[in-house]
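In our numbering, the protein residues as written are 2 to 900. Reading through the structure tokens given below for one structure.
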């Protein structure tokens with residue numbers, strides 16, 4: 002929505018004014034006046050948001066007009082900020098500095114006066130129609146779109162139908178809720194209707210009730226809809242409150258047989274709670290079936306929801322064929338290839354297939370099918386086509402909290418199908434100013450909450466998870482990606498340089514209004530060759546699916562010149578080199594670059610706003626010449642090779658660094674002076690020769706006692722001369738790292754007898770022992786070693802043969818991964834007694850497979866025994882909530898009887 006973007010810009014302007022006036026030491030009354038004007042604008046926007054017509058052309062015109070003027074104010078202040086910094090550091094002699102500041106303030110006031118005038122002219126223009134009515138229109142439209150999908154049988158649901166019906170008709174005699182959760186348009190309602198009409202349901206349930214809940218539901222109306230199935234509604238019923246209605250419904254259900262209530266399109270957990278409370282506790286096996294887009298709502302109803310799968314490519318084509326030609330007519334041979342390509346671009350979403358089929362129905366021209374094939378995205382999200390998926394997707398967007406809308410739109414800045422590293426997305430959100438800090442939570446923690454919430458709402462898909470279950474990479478569905486690009490472009494959130502569709506050349510947006518500019522790597526050379534000057538651009542993103550630093554730019558200096566006020570610069574896919582012009586980019590908050598550089602220039606230390614620095618180089622090490630200790634905003638330093646840091650200047654008067662991430666750093670740079678200054682580090686990765694570093698008496702590791710907040714540590718030992726020495730784990734390792742919860746070791750070759758020292762790490766939850774982390778034939782945990790909090794144990798390329806452990810050695814272990822441990826004979830059978838163990842993976846660990854299968858069988862026996870104790874001898878009614886998974890690679894059949 003346009004006002005979301007504008008409110009974000011205004012809030013950002015407030016922060017910039019406060020920051021700049023601290024720096025320039027300007028008159029307090031000037032700052033107060035500017036803040037008052039911007040605060041007034043912010044209040045007006047918040048007030049108008051409750052009354053204006055969201056789809057009003059007049060409102061959008063107002064927003065766009067104000068946005069352009071506010072951007073000009075922001076530009077003026079940013080320029081003043083640069084002048085102030087140069088003056089403060091005497092980098093450049095500025096004459097008549099006070100006069101310059103005064104003139105700038107006058108110009109800013111003039112700009113804000115324009116905003117004030119426009120606001121006053123439109124003060125009463127946006128009260129014609131409440132926001133709620135617009136949302137109701139969208140809900141109605143969404144319902145029509147669902148009906149479009151429901152009218153025809155959707156292929157690929159037979160297995161899904163059977164699975165859900167089994168959960169409904171079998172299981173516990175207690176009330177149970179079966180949620181079906183999935184992406185918008187995936188066919189949740191279609192599946193629910195198919196199940197609702199199935200003969201097995203009518204046979205097993207005495208009463209079946211279908212309730213359409215929707216986004217703007219009222220609980221009383223939901224209960225009245227249920228009640229009218231049992232009795233004729235009276236005026237008295239309609240005047241009752243929710244509790245009284247629930248009591249009457251409970252009485253009706255208790256008199257009858259098994260009851261099923263289907264709640265379609267649920268958005269909030271409280272409706273599930275209320276319906277559950279309306280059921281009697283009479284052991285008749287009543288059921289509630291729920292369809293929802295929100296995974297948190299689904300998990301509230303049941304810890305094990307049914308996640309609806311995407312259609313396979315062949316199923317998508319079959320559905321397309323049925324909808325275009327009818328169920329008894331096949332697609333003409335000459336159109337099959339294009340049809341399969343079109344179906345594949347729908348990415349397994351039935352609604353998308355149905356919408357595209359509407360564009361193809363009645364047309365058999367190869368030229369037309371080719372045109373649709375080339376423009377699938379435009380057909381799916383089309384403002385001018387009421388049959389597109391736009392309004393259906395827009396429902397999820399509108400239901401997002403205001404603070405998350407910009408974060409969601411930002412996901413569309415990555416290329417379609419791009420797997421986004423979660424940590425990169427979080428760093429970008431923060432640097433863009435999209436995350437607001439809250440009490441007792443860091444910006445990173447808040448951003449992670451936002452990401453998890455978008456995942457829960459099925460707006461972001463998890464592609465890869467880390468061994469500890471956290472998100473590693475994610476992406477958005479192609480249909481949602483198209484929506485994000487359309488919405489962001491429409492509201493000026495970001496713009497994209499792309500190829501023209503009708504003629505050769507580039508389609509370049511208005512650089513005078515673009516704040517965030519995107520470009521695909523192959524188009525960068527052609528764009529920069531035009532020598533653009535984009536003073537208004539604050540973020541320049543150039544992503545590629547190829548390797549980092551895969552393409553060179555003929556004149557890298559033009560890139561710096563084009564964006565003098567840029568804050569976010571992500572050009573990792575470009576082969577970058579520093580130039581003198583680069584040091585003029587004072588406003589940089591986020592840098593991600595790749596190249597051949599062996600050092601980070603000293604002038605980068607002048608980037609006082611820099612928060613995240615990501616540097617990939619082809620050199621073996623990189624020397625950090627910049628004084629990062631005086632960069633008071635720097636939170637994360639990522640390098641792909643060991644970084645050699647300069648020691649903090651002893652004469653500095655600044656406080657501790659706010660650096661949280663240092664990955665990777667050379668062992669020699671972990672001196673006392675460095676770690677004393679970087680005492681807020683949470684994540685450290687050290688790579689290099691570790692022997693001297695880990696020596697008890699003179700090693701640098703004892704300095705880690707200064708890192709009171711360290712949570713993640715990687716020790717990556719390099720092969721070198723020191724490999725002749727025995728690398729030992731310091732006895733005080735656990736004493737230094739009291740808050741460590743994740744540890745990774747590689748090539749350290751500690752003796753296995755030292756492994757039990759790690760058991761003293763009281764907060765350790767994830768232990769990754771990569772290639773040759775420990776060495777020897779035996780790991781004996783029976784002689785002392787209890788990992789009380791460990792949840793994930795990952796061991797790769799270890800040479801041990803014997804592993805001894807008890808069920809007390811890993812009391813909370815959930816996941817065990819063994820890769821290429823080809824000498825290991827037996828996985829300790831005692832692990833079968835670890836009740837928390839849910840997953841065990843063996844890859845190229847053949848000798849231990851038999852013992853792993855024995856553990857699997859014993860785990861199954863223990864689960865069955867537990868169910869018998871809880872549910873009695875008839876365990877067929879017990880829910881399968883306790884699970885254990887054994888995965889063997891290369892795959893083998895896990896057969897208990899074969900042991």
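Don't be surprised by glycine CBs; every beta carbon is placed ideally from N, CA and C. Every value quoted in this text rests on a predicted model; they were computed, and no experiment measured them.
Where residue i falls, given that 16 or more other Cβ within 10 Å makes a residue buried
{"i": "residue 513", "result": "exposed"}
{"i": "residue 612", "result": "buried"}
{"i": "residue 234", "result": "exposed"}
{"i": "residue 442", "result": "exposed"}
{"i": "residue 507", "result": "exposed"}
{"i": "residue 276", "result": "buried"}
{"i": "residue 657", "result": "exposed"}
{"i": "residue 218", "result": "buried"}
{"i": "residue 304", "result": "exposed"}
{"i": "residue 295", "result": "buried"}
{"i": "residue 648", "result": "exposed"}
{"i": "residue 256", "result": "exposed"}
{"i": "residue 531", "result": "exposed"}
{"i": "residue 573", "result": "buried"}
{"i": "residue 164", "result": "exposed"}
{"i": "residue 438", "result": "exposed"}
{"i": "residue 284", "result": "exposed"}
{"i": "residue 603", "result": "exposed"}
{"i": "residue 555", "result": "exposed"}
{"i": "residue 186", "result": "buried"}
Inter-residue Cα distance where the pair is residue i and residue j
{"i": "residue 56", "j": "residue 183", "result": "Reliability of the predicted coordinates at residue 56 is poor, the pLDDT of 49 falling under 50, and the value obtained from them is presented with this limitation in mind. Between residue 56 and residue 183, the C-alpha separation is close to 28 angstroms."}
{"i": "residue 861", "j": "residue 837", "result": "13 angstroms"}
{"i": "residue 1", "j": "residue 521", "result": "Because the chain here runs from 2 to 900, residue 1 falls outside it and cannot be looked at."}
{"i": "residue 865", "j": "residue 769", "result": "32 angstroms"}
{"i": "residue 692", "j": "residue 707", "result": "21 angstroms"}
{"i": "residue 851", "j": "residue 777", "result": "23 angstroms"}
{"i": "residue 1", "j": "residue 105", "result": "The shown model of the chain, from 2 to 900, leaves out residue 1, and the question about it has no answer."}
{"i": "residue 400", "j": "residue 216", "result": "8 angstroms"}
{"i": "residue 884", "j": "residue 272", "result": "29 angstroms"}
{"i": "residue 655", "j": "residue 310", "result": "Here residue 655 scores only 49 on pLDDT, less than 50, and its place in the model should not be relied on; the value that follows carries that caveat. C-alpha separation (whole angstroms): 54 angstroms."}
{"i": "residue 381", "j": "residue 302", "result": "32 angstroms"}
{"i": "residue 298", "j": "residue 287", "result": "20 angstroms"}
Close Cβ partners of residue i (< 6 angstroms) along its chain, the five nearest in sequence each way excluded
{"i": "residue 743", "result": "713, 767"}
{"i": "residue 715", "result": "686, 745"}
{"i": "residue 844", "result": "820, 890"}
{"i": "residue 683", "result": "661, 710, 712"}
{"i": "residue 667", "result": "643, 645, 689"}
{"i": "residue 817", "result": "794, 841"}
Option nearest residue i by Cα separation, candidates the options
{"i": "residue 157", "options": "169, 110, 517, 312", "result": "312"}
{"i": "residue 170", "options": "191, 200, 188", "result": "200"}
{"i": "residue 41", "options": "565, 114, 80", "result": "114"}
{"i": "residue 384", "options": "462, 404, 483", "result": "483"}
{"i": "residue 727", "options": "733, 492, 749, 717", "result": "749"}
{"i": "residue 450", "options": "352, 472, 466", "result": "472"}
{"i": "residue 771", "options": "794, 603, 786", "result": "794"}
{"i": "residue 279", "options": "249, 290, 780", "result": "249"}
{"i": "residue 559", "options": "526, 544, 540, 539", "result": "526"}
Same chain only: Cβ atoms within 7 angstroms of residue i, ignoring 5 sequence neighbours per side
{"i": "residue 344", "result": "314, 317, 318, 321, 354"}
{"i": "residue 590", "result": "432, 568, 569, 610, 611, 612"}
Own chain partners of residue i with C-beta closer than 8 angstroms, once the 5 adjacent residues on each side are dropped
{"i": "residue 849", "result": "819, 822, 825, 826, 827, 828, 843"}
{"i": "residue 242", "result": "221"}
{"i": "residue 342", "result": "374"}
{"i": "residue 599", "result": "618, 620, 622, 623, 624"}
{"i": "residue 247", "result": "224, 275, 278, 279"}
Ignoring anything shorter than 4 residues, give me the alpha helix (DSSP H) runs that lie fully in the segment 539–566, in order along the chain. 558–563, all fully within the segment 539–566.
Which complete alpha helix (DSSP H) runs does the segment 216–304 hold, if anything under 4 residues is left out? Runs of the alpha helix (DSSP H) lying entirely within the segment 216–304, each at least 4 residues long, are 220–231, 236–239, 243–256, 270–278, 296–302 in chain order.
I'd like the ranges of any alpha helix (DSSP H) spanning at least 4 consecutive residues and lying wholly in the segment 732–761. Counting whole runs of 4 or more residues, the segment 732–761 contains the alpha helix (DSSP H) stretches 734–737.
Those runs of the beta strand (DSSP E) which lie wholly inside the segment 663–722 and span at least 3 residues: Inside the segment 663–722, DSSP marks whole beta strand (DSSP E) runs of 3 or more residues at positions 684–689, 713–718, from first to last along the chain.
Would you list, in sequence order, the uninterrupted alpha helix (DSSP H) runs of no fewer than 4 residues that lie entirely inside the segment 333–393? Listed in chain order, the complete alpha helix (DSSP H) runs (minimum 4 residues) inside the segment 333–393 are 334–346, 351–361, 367–375, 377–381.
Within the segment 476–522, note down every full alpha helix (DSSP H) run reaching 4 residues or more, in order along the chain. DSSP runs (the alpha helix (DSSP H)) wholly in the segment 476–522: 479–491.
Extract the residue ranges of the beta strand (DSSP E) inside the segment 761–814, only unbroken runs of 3 or more that lie entirely within it. Annotation note: the segment 761–814 contains the following uninterrupted beta strand (DSSP E) runs of length 3 or greater, listed N- to C-terminal: 767–770, 779–781, 793–797, 803–805.
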